[in-house]
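*Asks:*
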């Protein structure tokens, strides 16, 4: 790159001097009697002044943060650190200059045995690590209502509690005085209701303990910055107002508080805008306080889009948050709560998600580039702008994903459209300059995208440039689309922009390429974006709409105003049909149209919402929220949000996973706009995620003969004909002498660490009119005593003596070596008999990532499969796993069967293993084989068997398998198919697999 740039500088200099040389030469003419003729100076584009000392390239987040005069931090796991996981440790050292201990700095971790003993070993080791690596440290947290020692409870007196707090702060803050840069002194003292949290601290000491803790910490560590830290104060709302008031009071009382930490555990479906976060941070900074983003992570599971789109939206949210910090001078740090999806508290608190900057295998995600771009001063997308699917289009921190002519993409800080960096693409003497990126995984069939790229000539003259997209569908020639072309200036960047459509096909390859027109011409590239023109809801894997009244064409039945608001049918604003629903009389922002969905949902399950919304005036955010009432209180779950207005309908969409508690009430409602603004909704869809479940693990689930496979801890268990949900019998547990007694199923033989099992049963009771019945999971990890066993309840519900009641739940096994895992049904009072029937325990089918067949289980249809001359369809007659299989019937030749087009998927001279589970109908047994049809260009088709025929039956599934190797030729056809059963015999296929052959 340096050689190229030096050539560029010298040639521009010679170009500017050349007219002067011409002038001097003409002045020395022999004919001094003639007036010298001065040739006209040709028009030359003004040369761009090259910075003689360009900024150094940024290669990690620490360097990016340093340029922004900020710190970049992460929450550090002591467990992972002590296990010496190299990838984890290397990233911490390289990418972060600020660390907060995830758990070991909390009071309960330091005094975990008694009030007289402090254990600093873990915290000491982390302090040693950060000092060895020149990383600043923030202590977390001195006073917090959670993870406090067991002796800090309701039995302690106010006087003793004060002594305990003071002793802890004195010992801990003083121990690390001079080593810890900052402390979170008080954490989450404000409740979600914007009142002081009803904790043991507030109950015993009122709010005075907060000021006392800051004063005590300052005395123990006078050089440390002292912060208050809290969640859900990301923008201006009731809770952040309450915190603002509290902090103002502390300042006025001359309490030594130096800053506020804004946790920002955000949900990508309803995250605040850059301006909202900026305004909130700034008002705290205006109190002469430092502010920081202290625990940011961004959940994306509630978004209803494909994973590529989810990650791009997550990138937008991270970018906006860091932009907000950049907008506020007193914002001194951004700390991410962890950095790899492999280790995140989100999974255990909210359910499976991908909230952080790195994948579980430590690959950079789009969110990583968002933070770098923001630190480099690049503005985030405004709310409502479609996400950029190209994660690294600004080149501020690397060239990930990009290649140039010599396959090494090079960056430079000499010129840029935004930020401080651009990509330099150099040509050769016989090839033109190109910069390309693979976008196959970013595109969806039958969709339209907007593409932009900024180009500048790196030559003495302008440059003809173009931005192209090369699309290749299965079994089709590649097609190059010239999205836009233009002459790029050598003095400023020129925008290439346009749109292109992806055909309705299965893409094999898609490449975005920017190139010059001629050889020996170089260019700079910057600010590349690829945005879908529309986000289409992803309904794959979800069932039918659960809402009986979703279009309001008849009335508002099933709907009412949340809290004291009201609803009505209206014809004044309608998305589809002739009527919609309007929420009126809203006296609180959380009020709006609502419907009770308790009877429609199951605990632990995932649901997706789509709804159209509008408002009566102005512009405001409308949010969909679910309130789920559990025994420990009400949980409010964001289910999507959108910017709504009074003239157009907007799509609100989101996903939500319900808690695994026994829910007594579940309400879906719409909220958000200011008091007095009406909320309109129409075409509301709420549906449950389908799960690709395996077979029922309970072999004796209906108790028609006996209760084999079941047991009890006391009492009598027997098959009974008194009642039956299905068939003629059920299981009866009588003579119960404890409420914890109930029918037991041993899950241990099927248990897989960390796996989730779905359980369903029907139950009724006798000897009382109604009582509460629980589904309880008992687990015991290897090395633990019986007293350490874990008991968790799932799907508790009231059952009666008059009818069967359905119970459901999700059983999540712990990540340990299990020595015991049993499920039982308990809860009713002593002497109450329990009946159960139709018990099902299933688990998700593990998807084989190496399977080259895009549709192997037929749970969503027969896409990708065909037959020659017969009929193929999805069937629920039989299934090896899940609920469906592929059925080929109306067979008139023995070679007819399920066919998969493998053209374009196989590599010549490479062996592949193929298998499928087969059963037949119309014959007791048949021989079935796997066959390959392959045709080389200009040759006849060749038919081969992948393996010997296997005898299959009409009563069970049989695995048929083989191996094949595509020939080294220009193939025009390559198909795999299952055949050889007699004419008229139906063939069922399930769980088909093609993968690279295993190597011994």
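Numbering (the working numbering), first residue to last: 4 to 1003.
Even glycine gets a Cβ: it sits at the ideal position worked out from N, Cα and C.
#1: Nearest to residue 606 by alpha carbon, out of 353, 999 and 956?
#2: What beta strand (DSSP E) runs, 3 residues minimum, are completely inside the segment 633-670?
#3: What do you reckon, are the CB atoms on residue 441 and residue 396 nearer than 8 Å?
#4: Give a single yes or no on whether residue 126 has its beta carbon closer than 7 Å to a heavy atom of the ligand ADP.
#5: For a quick check, are the C-beta atoms of residue 589 and residue 685 less than 8 Å apart?
#6: Contact between the segment 781-801 and the segment 858-869: three or more CB pairs below 8 Å?
#7: Look up residue 247 in the DSSP assignment and say whether it is helix, strand or coil.
#8: Check the DSSP bridge columns for residue 748 and list the partner residues they point to.
#9: Could you tell me whether any Cβ in chain C is nearer than 8 Å to the Cβ of residue 343?
#10: Going by DSSP, which residues form a beta bridge with residue 797?
#11: Going by beta carbon distance, what residues of the same chain come within less than 7 Å of residue 576, once the five residues before and after it are set aside?
#12: Output the boundary residues of the beta strand (DSSP E) element that contains residue 975.
#13: Taking residue 962 as part of the beta strand (DSSP E), name the residues at either end of that continuous run.
#14: Going residue by residue through the segment 94-158, where are the continuous alpha helix (DSSP H) segments of at least 4 residues, counting only ones entirely within it?
#15: Which of helix, strand or coil does DSSP assign to residue 164?
#16: Under a Cβ-count criterion, where at least 16 other Cβ atoms within 10 Å of its own Cβ denotes burial, should residue 374 be classed as buried or exposed?
#17: Would you give the residue range spanned by the beta strand (DSSP E) that residue 221 belongs to?
#18: Any chance you could list the beta strand (DSSP E) runs of at least 3 consecutive residues sitting entirely within the segment 459-526, in chain order?
#19: According to DSSP, is residue 736 helix, strand or coil?
#20: When DSSP labels each residue in this structure, what does residue 395 get in the three-state scheme?
#21: Less than 8 Å between the CB atoms is what I'm expecting for residue 841 and residue 804, so what's the real figure, rounded?
#22: Let me know the beta strand (DSSP E) ranges lying completely inside the segment 835-883, each 3 residues or longer, listed in chain order.
#23: Spatial neighbours of residue 899 within its chain, please: CB distance less than 8 Å, with the 5 preceding and 5 following residues excluded, ordered by chain position.
#24: So what does residue 921 bridge to, in DSSP terms?
#25: Which of the three DSSP states is assigned to residue 82 in this structure?
#26: Would you list, in sequence order, the uninterrupted beta strand (DSSP E) runs of no fewer than 3 residues that lie entirely inside the segment 377-440?
#27: Over what stretch of residues does the beta strand (DSSP E) that includes residue 615 continue unbroken?
#28: Buried or exposed: which applies to residue 59, given that a residue is buried once 16 or more other Cβ atoms fall within 10 Å of its Cβ?
#29: Who are the Cβ neighbours of residue 1007 in its own chain at under 6 Å, not counting the five residues just before and after it?
#30: Any idea what DSSP makes of residue 763, helix, strand or coil?
#31: Under DSSP, the alpha helix (DSSP H) around residue 350 begins and ends at which residues?
#32: Within the chosen definition, does the segment 492-503 reach the segment 431-445 through at least 3 CB pairs nearer than 8 Å?
#33: Return the CA-CA distance between residue 376 and residue 123, expressed in angstroms with no decimal places.
#34: Using three-state DSSP, classify residue 47 as helix, strand or coil.
#35: For residue 461 versus residue 427, is the C-beta distance shorter than 8 Å?
#36: Go through its chain and collect everything with a Cβ distance to residue 827's Cβ below 6 Å, but skip five positions before and after it.
*Replies:* If we stick to the structure as given:
#1: Of the candidates 353, 999 and 956, the one whose C-alpha sits nearest the C-alpha of residue 606 is 353.
#2: Complete beta strand (DSSP E) runs here, min 3: 636-648 and 653-660.
#3: No. Outside cutoff.
#4: This structure simply doesn't include the ligand ADP, nor any ligand for that matter.
#5: The answer is no: Cβ separation not under 8 Å.
#6: Contact fails: fewer than three Cβ-Cβ distances are below 8 Å.
#7: Residue state, collapsed to three classes: helix.
#8: Paired residue(s): 713 and 826.
#9: As a matter of chain content, chain C is missing from the structure shown, which is built from one protein chain.
#10: Answer is 778.
#11: Excluding residues within five positions, the ones whose Cβ falls inside 7 Å are 583, 617 and 683.
#12: 974-982 is the span of the beta strand (DSSP E), which, as asked, contains residue 975.
#13: Start and end: 961-967.
#14: Runs of the alpha helix (DSSP H) lying entirely within the segment 94-158, each at least 4 residues long, are 110-113 and 124-135 in chain order.
#15: Of the three classes helix, strand and coil, the one that applies to residue 164 here is helix, per DSSP.
#16: Around the beta-carbon of residue 374, 16 or more other beta-carbon atoms lie within 10 Å, marking it buried.
#17: DSSP places residue 221 outside any beta strand (DSSP E); the residue lies instead in the alpha helix (DSSP H), whose first and last residues are 211-223.
#18: Secondary structure in the segment 459-526: the beta strand (DSSP E) runs of 3 residues or longer, each lying completely within the stretch, are 466-476, 482-491, 497-505 and 510-522 in chain order.
#19: Taken through DSSP and simplified to helix, strand or coil, residue 736 comes out as strand.
#20: Residue 395: coil per DSSP, three-state reduction.
#21: The C-beta separation of residue 841 from residue 804 comes to about 18 Å, leaving the pair out of contact by the 8 Å criterion.
#22: Taking only runs of at least 3 residues, the beta strand (DSSP E) segments lying wholly in the segment 835-883 are 836-846 and 874-878.
#23: By the criterion of a C-beta distance shorter than 8 Å, residue 899 is surrounded in its chain by 870, 871, 872, 873, 891 and 982, once the five residues flanking it on both sides are discounted.
#24: The bridge partners DSSP lists for residue 921 are 961 and 992.
#25: Correct three-state label for residue 82: helix.
#26: Counting only runs of 3 or more, we get 405-407, 413-415 and 425-428.
#27: Counting along the chain, the beta strand (DSSP E) containing residue 615 begins and ends at 609-618.
#28: With fewer than 16 other Cβ atoms within 10 Å, it is exposed.
#29: Outside the shown range of the chain (4 to 1003) lies residue 1007, about which nothing can therefore be said.
#30: Residue state, collapsed to three classes: strand.
#31: Bounds of the alpha helix (DSSP H) holding residue 350 are 349-353.
#32: Contact between the segment 492-503 and the segment 431-445 is absent, because fewer than three Cβ pairs lie under 8 Å.
#33: Straight-line Cα distance between these residues: approximately 38 Å.
#34: Reliability fails at residue 47, whose pLDDT of 38 lies under 50, so the model's placement of it is uncertain and the value that follows must be treated cautiously. Looking at residue 47 - three-state DSSP - the assignment turns out to be coil, as it is neither helix nor strand.
#35: The Cβ-Cβ distance between residue 461 and residue 427 falls below 8 Å.
#36: Within the same chain, residue 827 has close Cβ partners 745, 747 and 779.
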